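In terms of the working numbering, the sequence shown opens at residue -6 and continues consecutively.
A virtual CB, placed ideally from N, CA and C, is assigned to each residue, including glycine.
This structure is a prediction, so every number in the text was calculated from the model and none was measured.
Reading through the structure tokens given below for one structure.
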Amino acid sequence: MIDKEKLGKKVVHNKLEDCDLYVIEDEKTYLVFIFHGKYIYFKVTPSFPGKWNCEEAIYYPYGLFGFVRHDEDITNKIKMKIEVLKSAGL
-6 MIDKEKLGKK
4 VVHNKLEDCD
14 LYVIEDEKTY
24 LVFIFHGKYI
34 YFKVTPSFPG
44 KWNCEEAIYY
54 PYGLFGFVRH
64 DEDITNKIKM
74 KIEVLKSAGL
């Protein structure tokens, strides 16, 4: 589903209760929370203090959401969101 090599120098995957968490380390650390259900959606945030869980990610005020159809490449959408966060200084 996700091509880890395209996202950063180091990518760690953790399966959480309500979502999947990918920790992406490059120049900065970004968190990608992927939610599965009727639709696949995700939130990309800069790393933040506290618990890295699905609920905290939803309420964390910084970051961008993305939505994916089943035939779309989620890796490219995540990369685009990370670039937007980088350009905003986050």
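Just mark residue i as buried or exposed, buried being the case when its beta carbon has 16 or more other beta carbons within 10 Å.
i: G1; result: buried
i: Y15; result: buried
i: K74; result: buried
Please name the residue or residues paired with residue i in a DSSP beta bridge.
i: K36; result: F26, F58
i: N46; result: Looking at the DSSP assignment, N46 forms no beta bridge with any residue, so it has no partner.
i: K70; result: For K70, which the question treats as bridged, DSSP gives no partner whatsoever.
i: I17; result: V4, Y23
For residue i, which residues of its own chain have a beta-carbon under 8 Å away from its beta-carbon, when the five flanking residues on both sides are left out?
i: P39; result: K21, T22, Y23, L24, Y55, G56, L78, L83
i: K(-3); result: V4, H6, Y15
i: E10; result: N46, C47
Please list, in chain order, all residues of the same chain as residue i whose beta carbon is under 7 Å from its beta carbon, the five residues on each side excluded.
i: F26; result: C12, L14, F35, K36, C47, A50
i: K(-1); result: T68, K72
i: Y87; result: Absent from the structure is residue 87, since the part of the chain shown begins at -6 and ends at 83.
i: S(-5); result: Residue -5 is actually Ile in this sequence, not Ser. Around I(-5): Y15, I67, T68.
i: K70; result: G59, V61
Might you give, ordered along the chain, the residues of its own chain that have their beta carbon closer than 6 Å to the beta carbon of residue i, omitting 5 neighbours on each side?
i: K3; result: E18
i: R62; result: none
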